[in-house]
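Q: Here it is: the structure, laid out below.
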Ligand SMILES: Cc1ncc(COP(=O)(O)O)c(C=O)c1O
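Residue numbers (the numbering used here): 692 to 1075.
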């Protein structure tokens, strides 16, 4: 099997799996219980909180565990807006993950004015547009750090600098950036930041929200006093312990992984460009998570390519999010200006810690043949 869909989810690191299996066998206590078996579990949660905080350059009191990256995004946006009820404007970008975009649509239905920042052909947000819409009425700006489909890295420092001038807090969805680039909440100066465990070789169903000390925010899930009273519900203890372990491992090796994966990805990208005529690269050539490679194959349907690759046990993604108006073309690829029929031909390959040279060679061997065969039977060969 060649797994090239690490932006969708990563395999569990064996060390994480081992720690979770041990924990789940040995520690069933409720961390809210006052007797020793509860207390011990509470200590494991604190350790995990410290591990995630350390990987982000935060303090453990600023980390709230959630049930997913999606929940952390919802919590950040709705929690901050509810804490500043007099401000009725929200700014985000046109290429966010649905976890943010759908929250924005929900807010629109609730009477908020939402500005969606447009992007250029590389996927970079328009800072002039931001400057023209931000005001004292803005409750929050939320712009993702790195895009999940094309990998483009946003100029967050500039966004934060601009927002500061208006006293507007900034949230960033860093789910795809965590572990793939330098990430330090203090250096960045961001107020809220989302991460997710299953993108860093940890278990699924656990996320975290960094909330800078002093940021006004209201709870999103109501109930008990867990997570400093900000996220009620008995904690997913084994998941959180696994997330902590994954964050610890990440700190040890992300830089080495990044250097290796960048070389591997470059080989894959140039190999595809050399071997397959008429393909269109999507994303920023430099300001990008390099292990994310997105190409459109004009004349083809991405799904056909995906299925043909799957029969050879190569797993990739179409990266397209369903949307009725665009007949399922990706909102990200449409936002960077691709025609819907070209956008529908795009395939994302995303490399991760467990990919090898051999994986890249296999893809470079199989892919040109698959594209040539599909093109031979495709009636539709558009002008690019
Ligand atoms: C950029 C981005 N944000 C948020 C999420 C959602 O995270 P989760 O799967 O933990 O809900 C994802 C997952 O694909 C993502 O890529």
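A virtual CB, placed ideally from N, CA and C, is assigned to each residue, including glycine.
Values in this document were obtained by computation on a predicted structure and should not be read as measured data.
(1) Excluding five sequence neighbours on each side, which residues of the same chain lie with their C-beta closer than 7 Å to the C-beta of residue 1083?
(2) Would you mind sorting residue 831 into buried or exposed? The rule is 16 or more other CB atoms within 10 Å of its CB.
(3) Closer than 8 Å to a non-hydrogen atom of ligand 1 - does that hold for the CB of residue 788?
(4) With a CB to CB cut of under 6 Å and the five nearest residues on each side skipped, what residues in its chain are close to residue 735?
(5) Once the 5 residues before and after residue 772 are set aside, which same chain residues still bring their CB inside 8 Å of it?
(6) Would you say the beta carbon of residue 867 is closer than 8 Å to some non-hydrogen atom of ligand 1?
(7) Using the rule of at least 16 other Cβ atoms within 10 Å of the residue's Cβ for burial, across every protein chain shown, is residue 899 buried or exposed?
(8) Report the rounded CA-to-CA distance for residue 884 versus residue 1070, giving the unit in angstroms.
(9) In terms of residues, what are the limits of the beta strand (DSSP E) holding residue 832?
(10) Compute every distance between the C-beta of residue 895 and the non-hydrogen atoms of ligand 1, then say whether any falls below 8 Å.
(11) Would the beta-carbon of residue 768 fall within 9 Å of that of residue 913?
(12) Which runs of the beta strand (DSSP E) spanning at least 3 residues fall entirely within the stretch 952-981, listed in chain order?
(13) Among the residues of its own chain, which have a CB less than 7 Å from the CB of residue 937, if the five just before and after it don't count?
(14) Under the criterion of a Cβ to heavy atom distance below 8 Å, does residue 835 qualify as lining ligand 1?
(15) Using C-beta distances below 6 Å, list every residue in its chain close to residue 746, excluding the 5 sequence neighbours before and after it, in chain order.
(16) Please state whether DSSP places residue 819 in a helix, a strand or coil.
(17) Examine the Cβ distances between the stretch 1018-1033 and the stretch 808-821 and report whether three or more of them are shorter than 8 Å.
(18) Can you tell me whether residue 671 sits near ligand 1, meaning its C-beta is under 8 Å from at least one heavy atom of the ligand?
(19) How about the stretch 975-983 and the stretch 834-847: do they share at least three Cβ pairs that are nearer than 8 Å?
(20) Leaving aside the five residues before and after residue 972 along the sequence, list all residues of the same chain whose C-beta is less than 6 Å from its C-beta, in chain order.
(21) Within the chosen definition, does the stretch 1049-1066 reach the stretch 709-718 through at least 3 CB pairs nearer than 8 Å?
(22) Looking at the secondary structure, which residues open and close the beta strand (DSSP E) in which residue 1040 lies?
(23) Would you tell me roughly how many angstroms separate the C-alpha atoms of residue 926 and residue 998, rounded to the nearest one?
(24) Can you list the beta strand (DSSP E) stretches of 3 or more residues lying completely in the stretch 879-954, in chain order?
(25) For residue 869 and residue 759, what's the separation of their Cα atoms in angstroms?
(26) Should residue 838 and residue 1023 be called a contact, given that it needs their Cβ atoms to be closer than 9 Å?
(27) Out of 934, 1008, 724 and 864, state which residue places its alpha-carbon closest to the alpha-carbon of residue 1037.
(28) Given this structure, state the Cα-to-Cα distance separating residue 1005 from residue 765, to the nearest angstrom.
(29) Look up residue 752 in the DSSP assignment and say whether it is helix, strand or coil.
(30) What's the gap between the Cα of residue 875 and the Cα of residue 1067?
(31) Measure the Cβ-Cβ separation of residue 821 and residue 847 and say whether it is below 9 Å.
A: According to the structure data:
(1) In this structure the chain extends from 692 to 1075, so residue 1083 is not present and cannot be described.
(2) Under the 10 Å beta carbon count, residue 831 is surrounded by 16 or more other beta carbons and is classified as buried.
(3) yes
(4) 932
(5) 778, 781, 798, 803, 830 and 831
(6) yes
(7) buried
(8) 46 Å
(9) In this chain, the beta strand (DSSP E) harbouring residue 832 covers 829-833.
(10) yes
(11) No, they are not a contact pair.
(12) 971-973
(13) 704, 707, 888, 891, 892 and 893
(14) yes
(15) Non-local C-beta neighbours of residue 746 in its own chain, meaning closer than 6 Å and more than five positions away in sequence, comprise 938, 941 and 942, ordered along the chain.
(16) Shown here, residue 819 sits in a helix according to DSSP, grouped into three states.
(17) Verdict: yes, contact present.
(18) Since the first and last residues shown for the chain are 692 and 1075, residue 671 lies out of range.
(19) yes
(20) 986
(21) no
(22) Residue 1040 -> beta strand (DSSP E) spans 1037-1041.
(23) 38 Å
(24) As for any beta strand (DSSP E) of minimum length 3 sitting wholly inside the stretch 879-954, the runs are 883-887 and 898-902, ordered along the chain.
(25) 14 Å
(26) Contact check for residue 838 against residue 1023 passes: the beta carbons are separated by less than 9 Å.
(27) 1008
(28) 33 Å
(29) helix
(30) 49 Å
(31) no
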